[in-house]
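Keeping their order, the protein sequence lines are chains A and H. Residue numbers 251 to 493, in the numbering used here, belong to the letters of the first sequence in order. Residue numbers 403 to 1501, in the numbering used here, belong to the letters of the second sequence in order. Before any comments, here is the structure.
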Amino acid sequence: MSRQELLSPEGLRVDGRRANELRRISCRASVLNSADGSSYYEQGNTKVLVAVYGPREPRTKSLTHDHATINVEFNVAPFSTSERRKRSKGDKRLLEVASFVKQTFEGAVQTAVYPRSQIDIYIHLLQHDGGTLETCINAATLALVDAGISMVDYVCACTAGFIDETPVLDLNFVEESSIETPDLTVAVLPRSGNIALLQMESRLHSSKLEDVLELATEGCKHIHKKLDDAVLAAASELAKKLS
Amino acid sequence: MLGTRTENVAFRRGKRQGLMMSVTERYLRQDIPCAHKSCQLCPHNADLARRGLPQLSDSGMILIPDASVVSRYIELLEHSHALTNLVFCQSVVDALDRRNRTRTIRNVRGIAADPRRTSMVFANEVFAQTHVETTLPARDNRAVMRVAAWYKAHLVGAVGQKVVVLTLKASKSSEQYADYQESGVKVWKLAEFLAEFHPALVEHYASITEATKDGDMDITGMTPAEYAQARILAKAQSGYPSHLSPSEIEDGLRSGTLVRGKIRVLQPGGAMRTESQGIIERGGAADTPDIIIVGRAALNRACTGDTVVVRLLTRAEESAEGKDTVVEQGSDETGDEDDNEALAVEQVEAGEETTLDNARKPVRGVVVGVSERKWRPFVATLQVDEAGGSRHLAVPVDSSVPKIRIHYMDTAAIAEMYFVVAIDEWPADSQYPQGHFVRVLGPVGNLDTEVDVILVERQIAVSQSALKFSLASMREMPISTDQCPWSPSAEEVARRRDLRDSLIFSIDPKGSQDIDDAVSMRKAADGGYELGVHIADVTQFVLPGSATDTEAMARGTTVYLADRRFNMIPEVLSEQVCSLRGLKDRYAVSVIWDLDSEYNATKMWFGRTLIRSACEMYYEQAQALLDGVTNVDGLDPKMEASLKESIVELTKAMRVLRQRRYEAGALELASTEIKFTFDKESGAISELLPKSSLEIHRVIEEAMVFANSAVARRIYEQFPGAALLRRHRSPGSERFARLVDAARTKGFEIDCSSNAALADSLRRITEASKSDPDIVFLAKSMATLAMQEAEYFATGDCGSDAYLHYGLALDFYTHFTSPIRRYADIIVHRQLLEAVAMGGTVFEGNAAVGSQKWVGDTTGKLNERNRQSKRAQRESTELFQSRYVVQRTVGSGQEHLIADGVVAEIRTNGLIVYVPKFGLRGPVHLRDSSGQIKLALSVLSGNARDSDSFIEGCSEFVADTKQLSIRLPMNVPVFQLGSQVLRFSVFDHVRVSLRVLETKRRRPPVYLILVSRASSSANGMRAYRSTLPSLDKTFRVSAASNSASKKASNTGNATSTASPMMTTTGEKLTTGKSSDYYSVLERFGEMSLFETHCDVQTL
């Protein structure tokens, strides 16, 4: 479809999906040996590698004594986009994503279980094709589960936008970079349905918000299933090794 | 849900790096609907129907055009409704998109949305059964064939319809199609197909073939990668030549091969200017002719106001240049394709000036360097790039500024808004300068926003709210409220000369708050007079270096807009403490002369005083007193007698002084000032009045001139090097050439060798055309325009021979009389007070006022502020004129706004007409940019209703400085015009209909349409009628019956001339009931009974 046609009159998107379809998700837990927990997560062409260390003794002295601190670092590989670009560590965009992830998990990880300790989440974006924040959160969930850190629930994130009066699920890079497209990221705890994160930078008419939010939540449920499968696969592999 | 996944590789041009590969994923699905009406297999067909998309019908063939056909013959496909059941492949649409053929894609979508065409776009790229690997050779053709084969197979059970692929290249590489031959798909060449099935379309096909013969309409000529590469190359070539290095420029300037100057750039537009053009004005003298620079490439990124370095072209280069100055527009980068609006505006703006025969021909040049950029923040509106993305063009309000490319995400938020942009740079490979968005001003058309636009564009302030005074400066202000009015301090009273017992009064426009001058005049005992001019003592309150002073200096002047003003000093001073209000004790700086009985000054006194104005009058009151009226409205009857005596004496004195000045050669000049009155409730403009001029105006003016020039002499004595004076340079006689030429057509000779001679000539015109004040006004304003503006200067900065004020015919002149609204006057006050040593506290820590350098620098700034403030004033007048015309013509009943006008100028494509009633000049377009002559039909009928249609077949359009002529076609009755050739010269009277061009991008410009030639055609007709008394009776009868029958039909217009139309004179041309045979004749005219006209003519 042409560039200005993010959603064709026939109801197809640039990459052949319909409005309510997610991109293909494939993910695997325990991909790194050195880390306490790790995951590799692909959603369409967005690829993320996450390593989790901890809970471990904190590096810095200034910490709270009654719960663990979560520390998130987010890196983007220079080769992740078609235009090669190095980003400095202090890039505000990167820090912003890291702080969103941190905030999200501070609500979901049972930090009180690990007082005087630190949990480090290192996220590497290997290929970028839209939906950075959602993939980071999903991958981090998987890695945290892999590390055996106690959480109240999975955290599943999904984006949804609004193109041509239609709510659209899981935006890719082309859709996301179109300025007219509002782009809402929501992270939910699927069992309770509680919302851990709701983020949107663009404008969206308030009457449409509910539709878009509902679609995104629907997407989260699918992702929950995928993550659950991946955890199950990792666990059964581990069980096989043990037996 | 989703099938297999593939990746799609595409090439695009990167921002920094050249060619870039971008990889996107694609999901191949199984559920793409065929959209065929009688297909039962595709479940999603219903979904398409729900979306309101048409379905393929089962009658006729299914036509699948390939990329070559779609890209080259889209027009044929679009307009030939006989071609139905078209299936456009997504792969073809994508191919078009990769070549930026957005318009073609729009057309394809248009066809696919039209239910009559039963056509569709088939998403073959994401359909597993029709997907073709991108790496295969001739992949796009295969994709189309695959679609055709699939359709054939898919529908075979259902209908068995024929499937045809249309291409242009079947014969050349038919092996590509061979694979699919057995599938039963027929491949036709478009030409053969049309000849076979749609012979009616062959002609259309042939004409498109002819038109696109050498173009690159067919996208199949190049692969996408080649195309992207070619664009990068083209862009590199179309870049601008780089500028010379500073040392090269320095050498060039020294050796004289290069010339430096300030450039003025005109963007393309209008009838005669198809490309941008720059002008460097150098006075036009013989050895330094003006330089013109034609074309974008030659201008080489220069913008208006920049100081540029230019290489002059040799004659040989010039003639070569003439042939190939057309710079290739990078079609993709321009983004101009839909910018019709801008074009329309340009067309209304009048054409170029006609060139004078005797003016020296300008030479051509090429810009080789820019030594100083004059980039300020520009107000602009957005031209959205339809291709999406965040890079758009900002279209500056100032038409001399090129469009600016900006990066902005939320276009919806700034569409139809004025916003401020700044230019960052203009790289050599970019057609437009690169800039960035600064801030939003507000919606287009909103009055406050429009005022902000003027303020920003004229660099007066960043917005209206920024014109409030700071807290620091408010703290410096004396306190004056209603409860506790300010009163002079005892200490000052003791120091100052107390004039509270003298009869002093002020005369100002009605409703003035800031009264900065008052006068006194009384007979002295010795038969002479004592004349006093008393000016508000602002320097008492505005101390040098204070916050208020700094702010006032930065503002330079109070800015008067049509409906508001922005004060130079805080209101508490300008309207209360400094303002010389009636019956209030106020500080003043006075000039008092002792005059003898011949009104020669015998003694002069300058100094600080304390006055109490007896009365604040407005001009009309004072004029009434002067005219001998008693009990003038609003005046204290007890005071009247003494006031009257003073005014009469003052008038007598000023008449004499004025006469003396005229004898010395002072000019009486004219300027258009328009007053707007507003409806209090709705805020709408209720009236538009040219400012009246009474004798009393000139009396006060003369008194001020007298005071100014006296002060000028005094401060010059004290500060021979640093006195702030005002001069008006004597213009060269060549500047008046246009006026001289125009006057000659009316039989006047103008001698402009000196100001006295010019004044004399203007006076003769005034004498000779007493009945026609508009011509007098126009001649005067043309003279004003020809002259340079007066300016401030420090006396040490130029020789004493350059001090002359040409217009006023004074050797020394300055501005002293309005310190409330001009900063120059404040400096002059300080200098004067220093001179007469009454400075007191004023001069502490401020030696600057006596420094030549400081005064010289400050005058430079003040001149600039004054110029900008005047332009702002003019623009706000134009804004309100435009709003007024909108108010009167747009919406409610669409009445015509008709007014009398005088031709002020002749342009290459029409006339500039001055409309005295509204004080506006507007263009009358008689020829459009394609050279078509556009003469309104109303010129013949004299009826405003006909001003929207044009006379066809006019020819011989000739425009020079003196005259513009158009030959009317032979079949047109020229009953009232007398000749087949219509001539217009400057000073001709015309009637025009005022219109505005509706735009979204800037304030709607006013333009005019010619309604009739003579302004008083009706009067002319009446005069004509009186010579034909016998005819009158006959027509009277028919006229009566005519109007009666019309009434019966109840059309609302009793006769044509009673159409809703306003005339400036307040009278309708003729009324329906009057038995005027003119209206009858016109009725005949409408019935095409031209013979009637002829009959009358022969009589």
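For each residue, glycine too, the CB sits at the ideal point set by N, CA and C. Keep in mind it's a predicted model, so treat the numbers as computed, not measured.
DSSP-derived helix/strand/coil call for residue i
i                 : result
Phe821 (chain H)  : strand
Phe1282 (chain H) : helix
Gly680 (chain H)  : strand
Met1041 (chain H) : helix
Glu487 (chain A)  : helix
Gly737 (chain H)  : For Gly737 (chain H), the predicted structure reports a pLDDT of 36, less than 50, and the residue's modelled location is therefore unreliable. A value from the coordinates is still provided. Coil.
Arg343 (chain A)  : helix
Val425 (chain H)  : strand
Ser1443 (chain H) : Its pLDDT being 42, under 50, Ser1443 (chain H) is placed unreliably by the model, and nothing is read from it.
Ser1111 (chain H) : helix
Thr296 (chain A)  : strand
Ala896 (chain H)  : helix
Asp479 (chain A)  : helix
Pro467 (chain H)  : strand
Gln1307 (chain H) : The sequence shown places Glu at residue 1307 (chain H), rather than the Gln named in the question. DSSP places Glu1307 (chain H) in strand when its eight states are reduced to three.
Ile1152 (chain H) : coil
Proximal chain H residues relative to residue i, where beta-carbon distance stays under 9 angstroms
i                : result
Ile429 (chain A) : Gly790, Gly791, Ser792, Tyr810, Met811, Asp812, Thr813, Ala814
Asn295 (chain A) : Glu409, Val425, Thr426, Glu427
Arg274 (chain A) : Leu404, Arg407, Glu427, Tyr429
Bridge partner(s) assigned by DSSP for residue i
i                 : result
Leu1126 (chain H) : H:Ala1196
Ile445 (chain A)  : A:Val438
Leu985 (chain H)  : DSSP lists no partner for Leu985 (chain H).
Tyr372 (chain A)  : A:Ala301, A:Glu323
Phe329 (chain A)  : Partner(s): none; Phe329 (chain A) has no beta bridge.
Cys491 (chain H)  : H:Phe524
Gly1030 (chain H) : Note: Gly1030 (chain H) sits in no beta bridge, so no partner.
Thr1079 (chain H) : H:Glu1089
Phe1008 (chain H) : H:Val993
His1327 (chain H) : H:Gly1312
Proximal chain A residues relative to residue i, where beta-carbon distance stays under 7 angstroms
i                : result
Leu450 (chain H) : Glu260
Val528 (chain H) : Leu262, Gly266
Chain-ordered chain H contacts of residue i [CB-CB under 7 angstroms]
i                : result
Glu346 (chain A) : Going along chain H, no residue has its Cβ under 7 angstroms from Glu346 (chain A), so there is no contact; the nearest lies around 16 angstroms.
Contact set between residue i and chain H, taken where Cβ atoms lie within less than 8 angstroms
i                : result
Val424 (chain A) : Thr426
Proximity test, residue i beta-carbon vs the ligand FAD heavy atom, cut-off 7 angstroms
i                : result
Gln669 (chain H) : What this structure holds is no ligand at all, so the ligand FAD is not there to describe.
Closer than 8 angstroms at the beta carbon, the chain A residues around residue i
i                : result
Leu455 (chain H) : Pro259, Glu260
Asp523 (chain H) : In the sequence under discussion, the amino acid at residue 523 (chain H) is Val, which differs from the Asp named in the question. Neighbours of Val523 (chain H) on chain A, chain order: Ser258, Pro259, Glu260.
Under 9 angstroms by beta carbon: chain A residues contacting residue i
i                : result
Val515 (chain H) : For clarity, residue 515 (chain H) is Ala in the given sequence; the question names Val instead. In chain order: Pro259.
Length at least 4, wholly inside the segment 1201-1270 of chain H: the alpha helix (DSSP H) runs in chain order:
1225-1237
Quick check: the segment 790-805 of chain H against the segment 825-836 of chain H, are there 3 or more CB pairs under 8 angstroms?
yes
Could you tell me whether the segment 926-933 of chain H touches the segment 1228-1239 of chain H, where touching means 3 or more Cβ pairs closer than 8 angstroms?
no
Every unbroken beta strand (DSSP E) within the segment 381-464 of chain A, with a cutoff of 3 residues, ordered by chain:
406-413, 416-419, 433-439, 444-450
Determine contact between the segment 1071-1087 of chain H and the segment 1280-1290 of chain H, defined as no fewer than three beta-carbon pairs at a distance below 8 angstroms.
yes
Check whether the segment 602-610 of chain H and the segment 471-487 of chain H touch, using three or more Cβ-Cβ pairs below 8 angstroms as the test.
yes
Counting pairs of Cβ atoms below 8 angstroms between the segment 1299-1319 of chain H and the segment 1397-1413 of chain H, do you hit three or more?
yes
When you compare the segment 523-534 of chain H with the segment 430-437 of chain H, are there three or more beta-carbon pairs, one atom per stretch, that lie closer than 8 angstroms?
yes
Does the segment 360-375 of chain A come within contact of the segment 283-302 of chain A, defined as at least 3 CB pairs closer than 8 angstroms?
yes
How do the segment 1142-1157 of chain H and the segment 1026-1036 of chain H stand: do at least 3 beta-carbon pairs fall below 8 angstroms, yes or no?
no
Report yes or no: do three or more beta-carbon pairs, one from the segment 326-346 of chain A and one from the segment 400-412 of chain A, lie closer than 8 angstroms?
no
So, does the segment 1184-1198 of chain H touch the segment 1123-1142 of chain H, judging by three or more C-beta pairs under 8 angstroms?
yes
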